[in-house]
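Read the structure below first, then the notes.
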Amino acid sequence: MLSNEPAGNAVAASDSSSSHRVYVQVAKEIAIKILTGELNQGEKLPCENDLKAKFGISRTSLRECNKLLEAKVDFL
Numbered sequence: 001m002l003s004n005e006p007a008g009n010a011v012a013a014s015d016s017s018s019s020h021r022v023y024v025q026v027a028k029e030i031a032i033k034i035l036t037g038e039l040n041q042g043e044k045l046p047c048e049n050d051l052k053a054k055f056g057i058s059r060t061s062l063r064e065c066n067k068l069l070e071a072k073v074d075f076l
């Protein structure tokens with residue numbers, strides 16, 4: 001039950017900020033790979049099905065991730 005949890009955990013569990021959304025985390029991981037040279041900027045990413053399987057996310061989350069990357073949003 002929520003009332004038995006420490007207040008900090010309840011806030012984190014119910015926090016809906018974008019920093020806790022899976023597509024933001026995946027976008028961060030891909031951006032880090034670009035920044036470290038593991039992927040080249042402008043290089044095509046693997047196909048959608050491969051990325052969904054690799055990260056264990058839905059197509060919708062993957063598309064939101066792509067939108068962040070394409071917009072070059074500062075999320076790191």
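For the sequence shown, full-length UniProt numbering gives the first residue as 1, with consecutive numbering after it. Note that beta-carbon positions come from the ideal geometry of N, C-alpha and C, so glycine has one too. Just so it is clear, the structure is predicted and the values come from calculations on it, not from any experiment.
Inter-residue Cα distance where the pair is residue i and residue j
i: G56; j: N66; result: 15 Å
i: N9; j: R59; result: Because N9 carries a pLDDT of 30, less than 50, the predicted location of this residue cannot be relied on, and no value is offered for it.
Helix, strand or coil at residue i [DSSP, three-state]
i: T36; result: coil
i: R63; result: helix
i: D74; result: coil
i: Q25; result: helix
Cβ-heavy atom distance, residue i to the ligand NAD, below 7 Å
i: Q41; result: Annotation note on the ligand NAD: not contained in the displayed structure, which lists no ligands.
Option in the options with minimal Cα separation from residue i
i: R21; options: S61, E70, D74 and V73; result: S61
i: E43; options: R59, S58 and A31; result: A31
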